[in-house]
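Numbering-wise, the working numbering comes out as the position in the sequence shown, counting from 1, plus 213. Worksheet: one structure, shown below.
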Amino acid sequence: MIRLVRLFSTSVGDKLIVALTGGALLVFLLGHMLGNMTVFQGPDSLNGYAAWLQGHPLVWFFRFGLVAVFVAHVLVTVRLTKANRRARPVRYSRRVARQMSFTSRYMVLSGLVVMSFLAFHLLHLTFGVIQPEIYQLEDSQQRHDVYAMVVSGFRNPWIAGSYVLSILLLGLHLIHGAASLFQTLGINHESYTVLIRYGVYLLVTGIVLGYCSIPLLIFSGTVSLEGG
Ligand code: HEM
Numbered sequence: 214m215i216r217l218v219r220l221f222s223t224s225v226g227d228k229l230i231v232a233l234t235g236g237a238l239l240v241f242l243l244g245h246m247l248g249n250m251t252v253f254q255g256p257d258s259l260n261g262y263a264a265w266l267q268g269h270p271l272v273w274f275f276r277f278g279l280v281a282v283f284v285a286h287v288l289v290t291v292r293l294t295k296a297n298r299r300a301r302p303v304r305y306s307r308r309v310a311r312q313m314s315f316t317s318r319y320m321v322l323s324g325l326v327v328m329s330f331l332a333f334h335l336l337h338l339t340f341g342v343i344q345p346e347i348y349q350l351e352d353s354q355q356r357h358d359v360y361a362m363v364v365s366g367f368r369n370p371w372i373a374g375s376y377v378l379s380i381l382l383l384g385l386h387l388i389h390g391a392a393s394l395f396q397t398l399g400i401n402h403e404s405y406t407v408l409i410r411y412g413v414y415l416l417v418t419g420i421v422l423g424y425c426s427i428p429l430l431i432f433s434g435t436v437s438l439e440g441g
């Protein structure tokens, strides 16, 4: 136990925390995407799924866990980045330094975009602040009409466009993040490095296409308020 506490107070421990919390957020993203894709099965499916989730006895446990994982991911990444900058007695060659600062700058920037998107997304669909007129709707079974909320929301070109753009940037963050996750966990043997790299591309492309398909198919009118 003491060894475990010691490990998590070193930079190796920090890397492990970032990798494990990143992995947990990736699992959330996959689950959230699959749940949201029930929109393609019509109002009853998405509203039923949302009602089931809201009424689940573990929903608050899950929400607090998600917030804790997210906060740990961000704070430990900041600590790690600061420590890496301080602990460089021997400078990298100019090319490596340029490459590293580009990667870390783009991870920080894309991470900031994901955080701003998340704030916007929660204000939009969880708290109903951005389009309050579509938040109060109920379906014929008196359930929160999440289907009507999502479909009406993505008919607005600015809303649909900002989701698509943010999800593309989320994809950039995930590509490097998921590849680092395997590296930190030591899953990087040369005989399957290529397999892992293509696996990461495939997973991230699936996530980006899955999420983007929702605003795109709604905005194009393929998915309508009547369902389908
Ligand atoms: C097309 C894309 C997306 C759609 C349609 C969508 C839909 C939704 C909806 C409808 C809710 C509210 C659920 C409810 O209160 O019943 C929600 C909550 C949430 N979404 Fe998304 N989402 C999308 C993308 C994302 C992305 C990319 C992330 C993460 C970066 C994300 C993270 C969250 C979180 C953390 C919550 C709060 C969960 C909770 O209240 O327990 N969503 N989303």
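The C-beta atom is built at its ideal place from N, Cα and C for all residues, glycine as well.
The C-alpha of L322 lies about 33 Å from the C-alpha of E346. Partner residues in a beta bridge of H286, as assigned by DSSP, do not exist. The alpha helix (DSSP H) runs of length 4 or more contained entirely in the stretch 364 to 406 are, from start to end of the chain, 370 to 397. In terms of CA proximity to T435, Q254 leads the group Q254, V289, T290. The residue from L381, A296, D352, Y411 with its alpha-carbon nearest to that of N260 is D352.
About 15 Å separates the beta carbons of L438 and A373, which is beyond the 8 Å limit, so they are not a contact pair.
At a threshold of 7 Å, P428 counts as near the ligand HEM, since its beta carbon sits closer than that to one of the ligand's heavy atoms. Taking C-beta atoms under 8 Å as the contact rule, P428 and V377 qualify, at a distance of about 6 Å. Straight-line spacing of the CA atoms in F432 and G236 works out to 31 Å.
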